[in-house]
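Chains as they are written, first to last, in the numbering used here: chain W, 85 to 281; chain B, 2 to 473; chain E, 4 to 284.
Ideal Cβ placement from N, Cα and C applies to all residues, glycine included.
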Amino acid sequence: MTNRARNIRITAAASVAVVVGMTGLVAVSEPLYRLFCKVTGYGGTPRMAEKASGATGEAMFTVRFDANVARGLSWGFRAAEPQMSVRVGEETLAYYEAKNTSDLPLVGTATFNVQPDRAAPYFNKIQCFCFTEQVLAPGETVRMPVTFFVDPEITKDVHARDIGTITLSYTFFKSDDQSKARVAQSEFKPESKTYSN
Amino acid sequence: MAEAHAHAHGHDHGAHAHHPTGWRRWAYSTNHKDIGTMYIVLAFVASLVGVAFSMMLRAELAYPGMQLIHDQQFYNVLVTAHGLIMVFFVVMPSLIGGFGNWFVPLMIGTPDMAFPRMNNISFWLTLVGLCLVATSTLVGTGAGTGWTVYPPLSNAVFHPGMAVDFAILSLHVAGAASILGAINFITTIFNMRAPGMTFHRMPLFVWAILVTAFLLLLALPVLAGALTMLLTDRNFGTSFFAPQGGGDPIFWQHLFWFFGHPEVYIMIIPAFGIISQVVSTFSKKPVFGYLGMAYAMVAIGFIGFVVWAHHMFTVGFNVETRAYFVIAHFHYVLSVAAVFAIFTGMYYWLPKMCGRMYDERLGQWQFWITFVGVNVLFFPQHFLGLAGMPRRIADYPDAYAGWNLVSSVGAAITLVGTLLFIYLLYRTLTAGERAPANPWGEGATTLEWTVESPAPFHTHEILPNITTQPAE
Amino acid sequence: MTKSRWILFCLVLVGTATFGLDALAASTGAPVPWQMYFRDAATPVMQDIVDFHNLILWIEVAIVLLVLGLMLWIIVKFNAKANPVPTRTTHNTALEIAWTVVPVLILLVIAVPSMKLLFFMDKAKNPAMTLKVVSHQWYWSYEYPDHDGFTFDSNLVPEDQLKPGQLRLLEVDNRVVLPADTEIRLVLTSDDVIHNWAVPSFGVKMDTVPGRLNEAWVKIDSKNIGTYYGQCSELCGVNHAFMPIAVDVVSKQDFQAWVEQARKKFAKADEPLKVVDAGTR
C-alpha cells in the first residue's frame, strides 16, 4: 500500500507538472508568437534588418503602399507614392504622410504587415515608424520614412519568386495611452515637420 | 438513486463507514458513484437549457424575417450560450464526469477515485461554472461573441459590460474543474487498477477516458491562459489581442484552436469508448482488434494536437468554409455522434446506476424519433452551406427559407424524441423492473456487471483479481 | 422495416430527388429556393473548389456505402438468430493493417489536390488592378486605389425600400463594380472587429482583420457577366446578418464608363489627404 501511495503521489505530481508546464508555455506564448512571426514571416510579418546585404539582383518587384486609419483616430494617413518599382536587394526609401484633422493633439500607433504572406520573410525593413507612438498636434502633418529592401533570396523560393507585387500595409490606431498628447498640447506649435528617428 | 442499497454493504471501512445522509451525502460527497450521478443530473439540467436555447434559434429560423427574436444581440447571446452550455456543461460533464466517474473505478476494480475530495471539488466547480454562464446571458446585453469569443468583438470596446467577463470566468472555473478531474482520472487509472488489470486488459472505455484526461491536461491550461489574457485585455489595459497596443487578434485564434481542436476529440473519444463496450457486449464477443482500437484512440489524441496547425493555415488563406456546411458538419460529429453515445451510455448503464430496467419499446421509439429528427434537422444544413448561407445570422435571404423550415421541423421532431427520453427516465426510475447484476448476459464481461444493481455505495472493497482478459 | 417506415423512407427519397433536380438547374450569383449545391463558379478558384469538393464527395459516398453495406451484412448474417454462437475471432493482422493503410492512402489522395488548391487560391499571378475592401460595423466600403482612389460605402437596402425584383438582405445601395476578363487583386482589412468578405460564386471567403491586410484574387470570364451576391461570414456583432455584398461584373468598356461616373459621384472635396474621420461614424 505504501508503494501504491508513493506511486499515486508521483503520478499526481507529474500531472500537475504537465499543467504547470503548459501554463508556463502559454505565459510565454506571446513573445514566442512574436518571435515565430518574425523568424518565419508568418502572418505577413516583415523582417527587421540593420542594412541591405549589398547583393542586388536583376528581378524587379512592384511594392505597393497601403494606409489605413482605424475607427476612433481622426487622422488622415496615406503613402506619398502609391507604388514603386524596386530591384531586389536595393535599399529603397518611401514616405507615408499623416495629418491630424481634429482639433486635439492625438497619439497614434501603427501596426503593419506584408502581403502576400509568402513574400514577408524576404521583405526587410531597415527603418520604420511601426509600434512607436506618434504624437500629432491639431492640424499637424508629418512625413514618415520607411527604408526597406527585398532580399534577393526570394528568387530562389519556388513559392515566392513569381510574386510580382508586394503590398506593405500600415494601420494607425488611437493609442490607449494618450498622456503624450496632453504634454504636446501644452507646447503646441502649429507647423509642418518631417519626422525622422 | 442508490439509496435502497447504500447500506447493504456497510462494511467497517474507516471514514466511509458512516457516510452522511440527506443533503450532506451529496454536498460533501466523496463517493465516485454519487459524484457521477450528480454530474449526470447537472448535464441533464444544462441540456434542458441548451436545448431550449437551440429550439428558440430554430424557431426563429423557421421562417425568413424576425418573428420571435427581435433583438439580434439576443440571438447572438443564444448562439453563444447554446455552444458553451452544450460543450462545457452537457457533453463533457456527462461523458467524463458522469460515466467516467461512475464506471472507471468499477471497471478497473478499485473502491473509488484516487482523490475523492478533489473529485467533489471538481463537481461543485463545474456547477459554479454553469451558474456563471447562465448569469452571463442575463447580465446587460449578454455575450454575443460566439463560443469562440474572438477579439476584438469580445473586447471591452465592442462588448462593454460584465457579460463576457462572466462567460470567461465560467470557462475558467469549468476548465479548472476539468483539469482536477483529469489529474484524478490519470492517477486512478495508472495506480489503482485491481491485480491483473494490466493496461492491455483495461476496457476500451477506460482507455478512452485516459486519453481524454491527457488531452484535457494539455489543452485546458492553454485555454485558461488565453482567457486570462482576454480578461486582462478587457479589464486591466493589457493588449495581447488589441492591435492598438501592438497585440494581434490572430494570436487569440491560435491559442483558442490549440485548445479547440483537441476539445473535439475530448468530446468524441469517450463516445468511442462507450460504443466499443456496447458493441462488444451485445455481439457477445470481445472487441475485434482491441489493441488497435486502444492505440488508435491514443493516436487520435496525439494527432488532435498536430492538426491544430491546419487552423493556422486557414487564417491567412480563404479555405475555411465558414458557412452552414460547418454547422452541419460539427453537429453531425457532436450532436449526432457524441449525444447518441450519451444516450447509448444511459441505456447501457441505467440498470447499473439506478437498479431498474428501462422500457425497451419506449427506448426503440426514442431512438427512431431522435434519429429521424437529427437527420431532418442537420442534413439540409449541408445544402444551405453549399448554397452560401453564413453562420450565426438571425435572418436570411428568402431563398434559404425552404431548407431552413425543413431543418426547424427536424428540430421539433428531435424535441419530441428528447421529451420521450425524459418520460422514459421517469418511467424507469418510478416503475422500472428491478435489474439483475448483469442484465445483458454473457457479452457483458467488464467488472461493473459483477456487482449488484444498483451498484452499492461501496464496491470492490475486496479487490477483484483479474485472470482473464476482459477484452480479449 | 415496418410498412409505415418504408412509406416514410420512400417519401423522403422522392422528395429529395424532386428538389434535387429543381436545385441543380439553378445557376446564378444569388441563392435560389431549395438550392442543394454550390452556386455556379464564376472564377477559376471557385471552379477548383467545386472540383475538389466533388472529388471528396465521391470518396465519401464510396466510404459511406462500404460501411453501410458492411453493417447491413452484419445485421442480416450475424444477428442472434442467424448466428447464435458468435465467433471468438479478435485478430486478423492483414485486415487490421489494411484498414489502417487504406485510410492513410485516401488522405494522401485528398491532401495533394488540397495543397495545390491552397497555393492556387493564395495569390494572383499578375493582377491588372486592385480593389480594396474595408469592413465596418455594419457595412462595407470599397476603394479603387488604381483609379485615383475613389471610395464609397455599400449599405444594405432596408426591406421597406426594396424595388420589385430586388433580393431582401442581399441588395445594397452602392454595388461594387468589377471588370470581366481582368485579374483583380483584392486587399481586405477592417475598421473595427473581424468580419469576412464572402462571395460564394467567386470562391472568396476572406477574414478582414483590424490592423492587418489580407489578400485574395478573382478573375471573372466575360461569359459570366452579371450580379453576384454574398454576405458577411464572421460574427461581427448585432447587425452581422445585415451587411450583404453585391458585385456587378461588367465588360471592360462598361467598367471604364462606370469609373468615370463613379469618380464624380464619389469625389470628395479638395483634401490634401484621404481623411478618415472616425468621430462622425
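Check: Straight-line Cα distance separating residue 274/B from residue 250/E; Outcome: 50 Å
Check: Start and end residues, beta strand (DSSP E) containing residue 175/B; Outcome: Taken as a continuous stretch (DSSP letters only), residue 175/B belongs to no beta strand (DSSP E), being part of the alpha helix (DSSP H) at 164-192.
Check: CB contact check: residue 76/W to chain E, cutoff 7 Å; Outcome: In the structure as shown, chain W starts at 85 and stops at 281, and residue 76/W therefore has no counterpart that could be examined.
Check: Residue 355/B (DSSP reduced to helix, strand or coil); Outcome: helix
Check: Cβ separation of residue 220/B and residue 298/B, assumed to be a contact under 8 Å, to the nearest whole Å; Outcome: Rounded, the Cβ-Cβ distance is 16 Å, inconsistent with contact.
Check: Per-residue contacts from residue 154/W into chain B (C-beta, under 9 Å); Outcome: 244, 245
Check: Contact under 7 Å by Cβ, residue 179/B with residue 217/B; Outcome: yes
Check: Cβ-Cβ distance between residue 201/W and residue 216/E below 7 Å; Outcome: no
Check: Own chain, CB closer than 7 Å to residue 174/B, minus 5 neighbours either side, in chain order; Outcome: 126, 129, 130, 133
Check: Check whether residue 216/W and residue 171/W have beta carbons under 7 Å apart; Outcome: no
Check: Contacting positions in the region 105-120 of chain B - beta carbon closer than 8 Å to chain W; Outcome: 115, 116
Check: Three-state class that DSSP yields for residue 198/E in the structure shown; Outcome: strand
Check: Cβ contact (3+ pairs, closer than 8 Å) linking the region 204-211 of chain E and the region 257-273 of chain E; Outcome: no
Check: Contacts that residue 228/W makes with chain B (C-beta to C-beta distance below 9 Å); Outcome: Going along chain B, no residue has its Cβ under 9 Å from residue 228/W, so there is no contact; the nearest lies around 17 Å.
Check: Cβ pair count under 8 Å reaching 3, the region 374-391 of chain B against the region 435-446 of chain B; Outcome: no
Check: Among 192/B, 263/B, 77/B, nearest to residue 88/B - alpha-carbon criterion; Outcome: 263/B
Check: Chain W within 7 Å of residue 31/B, Cβ atoms only; Outcome: no
Check: Short CB-CB distance (under 7 Å) between residue 89/E and chain B; Outcome: yes
Check: For residue 197/E and residue 237/E, believed in contact at Cβ under 8 Å, the rounded distance; Outcome: 5 Å
Check: Unbroken alpha helix (DSSP H) run spanning residue 138/B, endpoints; Outcome: 117-139
Check: Rounded straight-line distance, which links the Cα of residue 89/E to that of residue 149/B; Outcome: 47 Å
Check: Rounded distance between the beta-carbons of residue 171/E and residue 398/B, thought under 8 Å; Outcome: 6 Å
Check: Simplified DSSP assignment, three categories, for residue 315/B; Outcome: With a pLDDT of 46 at residue 315/B, under the threshold of 50, the modelled position of this residue cannot be trusted; read the value that follows with caution. Correct three-state label for residue 315/B: helix.
Check: is_contact[residue 96/E, chain B] using C-beta, thresh 7 Å; Outcome: no
Check: Residue 391/B, DSSP secondary structure in three states; Outcome: strand
Check: The region 369-378 of chain B in contact with the region 20-40 of chain B per 3-pair CB rule at 8 Å; Outcome: no
Check: Below-7 Å beta-carbon distance, residue 132/E vs any chain B residue; Outcome: no
Check: Residue environment, residue 255/B, which counts as buried when at least 16 other CB atoms sit within 10 Å; Outcome: buried
Check: Reduced DSSP secondary structure (H/G/I, E/B, other) of residue 94/E; Outcome: coil
Check: Proximity to residue 459/B [Cα-Cα], best of 169/B, 430/B, 110/B, 64/B; Outcome: 110/B
Check: Candidates 81/B, 339/B, 112/B, 39/B, of which the one nearest residue 464/B by Cα; Outcome: 112/B
Check: Residue 184/W at chain E interface by Cβ criterion, 7 Å; Outcome: no
Check: Contact list for residue 181/B against chain E, beta-carbon separation under 9 Å; Outcome: Simply none; closest approach about 32 Å.
Check: Neighbour flag for residue 197/E against chain B, beta carbons, 7 Å; Outcome: yes
Check: Test: residue 126/E CB closer than 7 Å to a CB of chain W; Outcome: yes
Check: Option nearest residue 222/W by Cα separation, candidates 189/W, 205/W, 251/W; Outcome: 189/W
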